[in-house]
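Since the structure comes first, as structure tokens, the remarks are kept for the end.
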Amino acid sequence: MRAVTFDFGQTLAELDTAMLASRLAERGVTVAASALQDARPAMWRRYNEAIRAGLGGHPWVLLMATLLRSAGVEDEAVDPLSEWLFIEQPKRNLWRRPIAGMIERVRALRARGIPVGVISNSEGGLSGLISEMGWTHDFDVVADSGALGMEKPDRAIFDWTAEGLGVHPAEVVHVGDSWAADYLGARAAGMRAVLFRGRDLMPSGAVLEVDSRGAACESPDELDEVLRAMGMSGG
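Residue numbers for the sequence shown follow my numbering, so the first one is 30 and each next one is one higher.
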């Protein structure tokens, strides 16, 4: 294996629930950050279901509506708030809280001369967010579905990224949290895949194939072990 790609949201950085609570307060809605935190699994299960059902266009509003409803926001306020947050997302991206240990893995891989990319179903402003976070020089390629007009799990975005990294898709390991968008998408594109902290978020009845081309892990340390077994390591 010659390169590694990562999903962004829930893999390298996660939803900043404190920031989201603050944004909701701007609209007169009080929700505890802890309630939003507890509601995240419901949101990501819904995302996997939507992707598997073929709902394209990065169903951001659907995800946010699921989160807000699960966190106890009144039904009549859910849709207007979700639409407003979507409009505001390019200005103040909510997915900005680094997941401990992950950017360090990226940097360790690149220090060893291994090309690293990002493949994200985002809204078109991911490069700007990466710059805000001080990560601009940590990635060789950033594939933002909103900017490219192609999205996971379609093969095109995986192929585009592999070409940008100068490798064949079969030489790439992709790491992401979504069973439908990341794990199945990468495998269908010919890459190896690692499901990161996503096993509990799979839709009911979904099957996780773990074999020579796929694995699952729940922490950065476990990811090191998986990458080592696949012929590379970020630790």
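Glycine included, each C-beta is placed from N, C-alpha and C at the ideal position.
When DSSP labels each residue in this structure, what does Pro-249 get in the three-state scheme?
-> helix
Helix, strand or coil: how does DSSP classify Thr-40 here?
-> Collapsing the DSSP output to three states places Thr-40 in coil.
To the nearest angstrom, report how far apart Lys-181 and Val-204 are at their CA atoms.
-> 13 Å
Going by other Cβ atoms of all chains shown within 10 Å of its Cβ, with 16 needed for buried, is Thr-46 buried or exposed?
-> buried
Can we say the segment 55–62 touches the segment 92–110, given the rule of at least three CB pairs closer than 8 Å?
-> yes
Three-state secondary structure (DSSP) of Leu-198 = The residue asked about is misnamed: residue 198 is Pro in this sequence, not Leu. Looking at Pro-198 - three-state DSSP - the assignment turns out to be helix.
Contacting residues, own chain, Cβ-Cβ under 7 Å from Ala-258 (five flanking each side not counted) | none
For Pro-127, which option in Asn-150, Ile-159, Phe-115 has the closest C-alpha, if you only look at C-alpha atoms?
-> Ile-159
CB of Leu-123 within 7 Å of CB of Met-48, strictly = yes
Secondary structure at Asp-211, three-state DSSP: helix, strand or coil?
-> helix
Using only alpha-carbon positions, find the residue among Val-33, Thr-34, Ala-32, Glu-43 that is nearest to Arg-226.
-> Glu-43
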